[in-house]
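Okay, structure first, notes after.
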Amino acid sequence: GIQVEQSPPDLILQEGANSTLRCNFSDSVNNLQWFHQNPWGQLINLFYIPSGTKQNGRLSATTVATERYSLLYISSSQTTDSGVYFCAVDQGGKLIFGQGTELSVKP
Amino acid sequence: GAGVSQSPSNKVTEKGKDVELRCDPISGHTALYWYRQSLGQGLEFLIYFQGNSAPDKSGLPSDRFSAERTGGSVSTLTIQRTQQEDSAVYLCASSLDAGGTEAFFGQGTRLTVV
């Protein structure tokens, strides 16, 4: 089956710093999503981005489907950005998740 | 409904008992997914339903796990003869259809087997 790898596994930032999270996948996909799992466990949709670039406030994402990777950019990070960031790709109708990047933003 | 709703939020059960977890998807969504997340881990796919098609059960870890979806809407995940290793958060998601559209998650059911 398809492999989804995220890097880095852990990241510690000082408030105000920028960061880039990466998601590599081993096969072509129809769907790629980025989620933020907050400290209470809720999965929040960030981007639905099978290709191209999208921006939402301080967050943006780029997927290069032909090269099988996606990037999530977080600018001017805030403590509320802490949590785990997952990417997920479609395989035969079901979403397959990476292992996540755990982000901790310090004040 | 406005979002995916799961119940109960928390469930504590004794080893060997059966449990039922419920998921109410977003109205009009034909695809429904169940995932399991153990403490500090990623999301493990369990099963998904797409419309009237046969469900993809390839992720169910054992025959103690089963799920059904009645009337193309509400789904129930049943775990029989629960074991301590079944302790996890069980997450449900729905999307307009499988694969190519955005999926939305419920808040999860935290299951503790004692």
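One line per chain: the protein sequences are P and X, in this order.
Heads up: the first sequence begins at 1 in the working numbering, then just goes up one per residue.
Heads up: the second sequence begins at 108 in the working numbering, then just goes up one per residue.
No residue lacks a Cβ here, since even glycine has one placed at the ideal position from N, Cα and C.
No experiment lies behind these values; they were computed from the predicted model shown.
Chain P contact for residue i (CB, 8 Å cutoff)
i: L198(X); result: yes
i: Q113(X); result: no
i: Q214(X); result: yes
i: F211(X); result: yes
i: G149(X); result: yes
Beta strand (DSSP E) segment containing residue i, residue limits
i: A195(X); result: A195 to S202
i: N117(X); result: N117 to T120
i: T101(P); result: T101 to K106
i: V4(P); result: V4 to S7
i: L95(P); result: K94 to F97
i: Q187(X); result: Careful: Q187(X) lies outside any beta strand (DSSP E) and carries neither H nor E.
i: R22(P); result: S19 to F25
i: S70(P); result: Y69 to I74
Assigned secondary structure, residue i (DSSP; H/G/I helix, E/B strand, else coil)
i: Q144(X); result: strand
i: D81(P); result: helix
i: E192(X); result: helix
i: T216(X); result: strand
i: S180(X); result: coil
i: T137(X); result: coil
i: V89(P); result: strand
i: N159(X); result: coil
i: R171(X); result: coil
i: Q14(P); result: strand
i: E151(X); result: strand
i: A210(X); result: strand
i: S114(X); result: strand
i: D131(X); result: strand
Residue i at chain X interface by Cβ criterion, 8 Å
i: K54(P); result: no
i: Q33(P); result: yes
i: G83(P); result: no
i: K94(P); result: yes
i: Q14(P); result: no
i: Q78(P); result: no
i: F86(P); result: yes
i: N45(P); result: yes
i: Q3(P); result: no
i: F97(P); result: yes
i: Y73(P); result: no
i: G57(P); result: no
i: Y48(P); result: yes
Short Cβ contact (8 Å threshold) for residue i with residue j
i: A65(P); j: S28(P); result: yes
i: L43(P); j: F212(X); result: yes
i: G179(X); j: T208(X); result: no
i: V4(P); j: V84(P); result: no
i: T189(X); j: K122(X); result: yes
i: Q6(P); j: L21(P); result: yes
i: S82(P); j: P39(P); result: yes
i: F86(P); j: L153(X); result: no
i: V181(X); j: D131(X); result: yes
i: D193(X); j: V220(X); result: yes
Near the ligand COA: residue i beta-carbon under 7 Å from a heavy atom
i: D27(P); result: Ligands displayed in this structure: none; no statement on the ligand COA is therefore possible.
Residue ranges of each beta strand (DSSP E) within the segment 28 to 66 of chain P, 3 or longer: 32 to 37, 43 to 48, 52 to 56 and 59 to 64
Members of the segment 149 to 163 of chain X that neighbour chain C once the beta carbon cut-off is set at 7 Å: In the structure shown, chain C cannot be found, because the protein chains are P and X.
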